[in-house]
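Enquirer: The structure's right below; bear with me while I get my questions together.
In the UniProt record's numbering, the protein residues as written are 1 to 718.
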């Protein structure tokens, strides 16, 4: 029997998502019994909303969850007993937790220790991660006892029973793997936020109604709280109010705003927040009358947490007005314009004033929302769930358009850009001038204010391969990751905005790829921009053969980002893209994982990549040398932890190389920090959790660095 439990929620919270999940389970496994265990009020609401055919297949059982405010010890005692019963009930099948809490995950893993001999228990456990996942990126107590009971510790505990985590949006998966590098990539899978079949069947307001003289209705849905940006919504409503536009707050005023002076903004609302909780049926009925759902969420809680309001908007195919956060950005990248993504309040106000009057555009946005909804309905989601539970194809795909598996290589060129308008045109034109044409050129603007957008769009007007996307400033790793997810080619070619390619770059790569079917990673010889003009040549310390050896590439700085081309399937096997918590060295962290995982590496000895030497380049900024050296230590630690779950012929040798390099990198960082007057700060950083060195290793590095200082060593950096 497949056992599904909602072990935390009381009443009507999470009813639509759990309804969609149960419908999906019932359809994914039509020949296997299913039971659902939840608090009585929640259980009855889910039962009432479910499709009748699916409902008939589910055995509903009542449990009594403790209050969420209960201390860890009290919850743990309850959860330990509950997990024991449910693991036994799911004997030979699967246990699915529809939500989680640190005590639940800990209790589950403790119960897994009791599995002995032939005693039958669940085959595996799958845990759906909701908003409490945000705790992984928030402040963490320094109290070791408190840390032992938090979400990070619970998820990091080993388990004798396979435990897998479902995240509901693709960007969350990358962040989770980067934050908890000890988690095997296969343990984190994407299960798109389920949508209730019944609610999705609600009559959809036709976009043509915008032509019928009705006002444009903009709704703020759910709890009106600070966390969800209700204050921003009030400010937007106050300043964007005009005839023909209405603002509605459909939900209850949250306790964190009780007593606040909100009248200036409230005066602009056609519908004010309710004083009590809104019945779900009324909520859906009012949502069905909205033309747009407004989500001015900040980058705190919702940056890497799923949104129930987004699922509601998808269920009824309501276009959204949202700030540019990863979960919204990913939806637009994969399904097209599903509303309007705005950088801030000012841009959203401008959009509402001037950009919502096109019925055809609104209709197209609603169509995009309907397309994004389809994979979240039980009819399609059942295949994703079945594959995840049975160990088949993983749900994670970087884009909604699958690359062709064979034929001539299709190179998607990804260019992150930030304040590079003076160089970017030359970079793009060097791609346009390739003798073997690129499939597409994706430019991700990381919040530039120097006219980058206008320049790229001008180039795109005459070349349909050029795709431009803007995002709030989030760093080069996030920009590259976004471009990779947008890509539709079977090869990803990386190019930095201050570098260029010589005309045969892609032709050289095509020729190399054609020599063997198992080539996954291609890189090439680089020259500096001043060498192109003078005819000088950089030293070439390794042979072409050595440049194809994974262990050699691990033991030095032999890869330049703008020379790298990776097979798309290799990136998918890695489980995570560029780590977004590193300011620098994020490229090497991914490249080290890639060369270890690649079936074969190819190298072009013909110089075809030109490295720009700009005084403002991040990799050459003298004021950040020590932080860059410390990032190098952390990058190696991330790969070392990842290697622990990657058994293979290269594992032991790779670990030896990286651990040796990490120690030496820490030693050089301390030496340079002493020279720059930041020794104590660097030492504290190395001792923090995450850099991976033992106190003994740090102590030896301190002693060795001291000797180097006495000898007058002056490390320049990476």
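Every residue, glycine too, gets a C-beta built ideally from N, C-alpha and C. Since the model is a prediction, treat every value here as computed from it, not as a measurement.
1) Run through the DSSP bridge pairs and tell me what residue 247 is partnered with.
2) Near residue 435, which residues of its chain fall below 6 Å by C-beta distance, leaving aside the five closest residues on each side in sequence?
3) Go through the segment 437 to 502 residue by residue and report every complete run of the beta strand (DSSP E) that reaches 3 residues or more, in order.
4) Compute the Euclidean distance between the alpha carbons of residue 448 and residue 475, then round it to the nearest angstrom.
5) Skipping 5 residues on each side, what residues in its chain have a beta carbon closer than 7 Å to that of residue 343?
6) Which parts of the segment 5 to 47 are runs of the alpha helix (DSSP H), unbroken and 4 residues or longer, counting only runs that do not cross its ends?
7) Any chance you could list the beta strand (DSSP E) runs of at least 3 consecutive residues sitting entirely within the segment 281 to 328, in chain order?
8) Roughly how many angstroms lie between the CA atoms of residue 602 and residue 470, to the nearest whole one?
9) Near residue 588, which residues of its chain fall below 6 Å by C-beta distance, leaving aside the five closest residues on each side in sequence?
10) So, at 7 Å on beta carbons, what are the nonlocal neighbours of residue 178 in its own chain, with the 5 sequence-adjacent residues on each side left out?
11) Give me the Cβ distance between residue 345 and residue 236, rounded to the nearest whole Å; I'm assuming they're in contact under 8 Å.
12) On the premise that residue 293 lies in contact with residue 318, defined as a C-beta separation below 8 Å, what is that separation, rounded to the nearest angstrom?
13) Return the first residue and the last residue of the beta strand (DSSP E) that residue 609 is part of.
14) Go ahead and pull the three-state DSSP assignment for residue 272.
15) Can you tell me which of the three DSSP states residue 628 falls into?
16) Tell me the residue span of the alpha helix (DSSP H) that contains residue 652.
17) For residue 316, which of 330, 199, 357, 411 has the nearest alpha-carbon?
18) Roughly how many angstroms separate the alpha carbons of residue 64 and residue 289, rounded to a whole number?
19) Output yes or no for whether 8 Å exceeds the beta carbon distance between residue 500 and residue 563.
20) Select from 264, 274, 512 the residue whose C-alpha is nearest the C-alpha of residue 251.
21) Hey, quick one: how far does the beta strand (DSSP E) through residue 417 stretch, first residue to last?
22) Identify, in the order they occur along the chain, each residue of the same chain with its Cβ nearer than 6 Å to the Cβ of residue 79, setting aside the five sequence neighbours on each side.
23) Of the residues 254, 196, 193, 194, which one's Cα is nearest the Cα of residue 223?
24) Within 10 Å of its beta-carbon, does residue 145 have 16 or more other beta-carbons around it, so buried, or fewer, so exposed?
25) Whether or not the segment 436 to 443 and the segment 483 to 499 are in contact is what I'm after, with contact meaning three or more pairs of Cβ atoms, one per stretch, closer than 8 Å; do they touch?
26) Assuming residue 530 contacts residue 632 (C-beta within less than 8 Å), just tell me the rounded distance between them.
27) I need the DSSP call for residue 708, collapsed to helix, strand or coil.
28) Bridge partners of residue 252, per DSSP?
29) Starting from residue 156, trace the beta strand (DSSP E) in both directions and tell me its first and last residue.
30) Give the DSSP-derived three-state secondary structure of residue 521 in the structure shown.
31) So for residue 574, helix, strand or coil by DSSP?
32) Going by beta carbon distance, what residues of the same chain come within less than 7 Å of residue 594, once the five residues before and after it are set aside?
33) Under 7 Å Cβ to Cβ from residue 381, same chain only, skipping five residues before and after it: list those, please.
34) What does the Cβ neighbour count give for residue 369, buried or exposed, with the cut at 16 atoms within 10 Å?
35) Could you give the distance in angstroms between the alpha-carbon of residue 112 and the alpha-carbon of residue 161?
36) Residue 519 and residue 550: beta carbons closer than 8 Å?
Expert: In terms of the structure at hand:
1) Numbered from 1 along the chain shown, position 247 holds the residue referred to as residue 247. Paired residues: 218.
2) Within the chain shown, residue 435 is the residue found at index 435, counting from 1. If we look at residue 435 and ignore the five residues flanking it on each side, its Cβ neighbours are 503, 504, 507.
3) 440 to 445, 466 to 470, 491 to 494
4) The residue given as residue 448 occupies position 448 in the chain shown. The residue given as residue 475 occupies position 475 in the chain shown. Distance between the alpha carbons of residue 448 and residue 475: 11 Å.
5) Mapped onto the chain shown, residue 343 falls at position 343. Same-chain partners within the cutoff: 324, 472.
6) 15 to 28
7) 292 to 295, 320 to 323
8) Taking the first residue of the chain shown as 1, we reach residue 602 at position 602. Taking the first residue of the chain shown as 1, we reach residue 470 at position 470. Answer to the nearest angstrom: the Cα atoms are 33 Å apart.
9) On the chain shown, residue 588 is found 588 positions in, with the first residue counted as 1. If we look at residue 588 and ignore the five residues flanking it on each side, its Cβ neighbours are 635.
10) Within the chain shown, the letter at position 178 stands for residue 178. Correct list, in chain order: 576, 579, 580, 581.
11) Residue 345 sits at position 345 when you count from the first residue of the chain shown. Residue 236 sits at position 236 when you count from the first residue of the chain shown. Contact flag correct, Cβ pair sits at about 6 Å.
12) Along the chain shown, read from residue 1 onward, the residue named residue 318 stands at position 318. Along the chain shown, read from residue 1 onward, the residue named residue 293 stands at position 293. Right, their Cβ atoms sit about 5 Å apart.
13) Here residue 609 refers to the residue found at position 609 of the chain shown. Per DSSP, residue 609 belongs to the beta strand (DSSP E) from 600 to 611.
14) Here residue 272 corresponds to residue number 272 of the chain shown, with the count starting at 1. It is coil, neither helix nor strand.
15) Stepping through the chain shown from its first residue, residue 628 is reached at position 628. Residue state, collapsed to three classes: helix.
16) Sequence index remark: in the chain shown, residue 652 carries index 652 (1-based). Residue 652 -> alpha helix (DSSP H) spans 651 to 676.
17) Looking up residue 316 in the chain shown gives position 316. Comparing Cα positions, the closest option is 199.
18) For the purposes of this step, residue 64 is taken as residue 64 along the chain shown, with counting starting at 1. For the purposes of this step, residue 289 is taken as residue 289 along the chain shown, with counting starting at 1. Taking the straight line from one Cα to the other gives about 37 Å.
19) Counted from its first residue, the chain shown places residue 500 at position 500. Counted from its first residue, the chain shown places residue 563 at position 563. The answer is no: Cβ separation not under 8 Å.
20) Translated into positions along the chain shown, residue 251 becomes position 251. The candidate whose alpha carbon is nearest that of residue 251 is 274.
21) Residue numbering aside, residue 417 sits at position 417 when the chain shown is read from its first letter. First-last of the beta strand (DSSP E) with residue 417: 411 to 417.
22) Residue mapping note: residue 79 aligns to position 79 of the chain shown, counting from 1. Answer for residue 79: 103, 104, 107, listed in chain order.
23) On the chain shown, residue 223 is found 223 positions in, with the first residue counted as 1. The option with the nearest alpha carbon to residue 223 is 254.
24) Start at 1 with the first residue of the chain shown, and residue 145 comes out as number 145. The residue in question, residue 145, is exposed, as its Cβ has fewer than 16 Cβ neighbours within 10 Å.
25) yes
26) As a working mapping, residue 530 is identified with position 530 in the chain shown. As a working mapping, residue 632 is identified with position 632 in the chain shown. With 8 Å as the limit, residue 530 and residue 632 do not qualify as a contact, their Cβ atoms being about 26 Å apart.
27) Taking the chain shown and counting its residues from 1, one reaches residue 708 at position 708. Helix at residue 708.
28) By 1-based counting over the chain shown, the position of residue 252 is 252. In DSSP, residue 252 forms a bridge with 274.
29) Numbered from 1 along the chain shown, position 156 holds the residue referred to as residue 156. Taken as a continuous stretch (DSSP letters only), residue 156 belongs to no beta strand (DSSP E), being part of the alpha helix (DSSP H) at 151 to 156.
30) Within the chain shown, residue 521 is the residue found at index 521, counting from 1. If DSSP states are grouped into helix, strand and coil, residue 521 belongs with the strands.
31) Along the chain shown, read from residue 1 onward, the residue named residue 574 stands at position 574. It is helical.
32) To locate residue 594, count along the chain shown from 1; it is residue 594. Cβ within range, chain order: 521, 566, 570, 574.
33) Translated into the one-based positions of the chain shown, residue 381 becomes position 381. The residues are 24, 192, 194, 375.
34) For the purposes of this step, residue 369 is identified with residue 369 of the chain shown, where counting begins at 1. By the neighbour-count rule (16 or more Cβ atoms within 10 Å), residue 369 is buried.
35) The residue given as residue 112 occupies position 112 in the chain shown. The residue given as residue 161 occupies position 161 in the chain shown. Their backbone Cα atoms lie some 6 Å apart in a straight line.
36) Counted from its first residue, the chain shown places residue 519 at position 519. Counted from its first residue, the chain shown places residue 550 at position 550. No; because the gap between Cβ atoms is not below 8 Å, this pair is not in contact.
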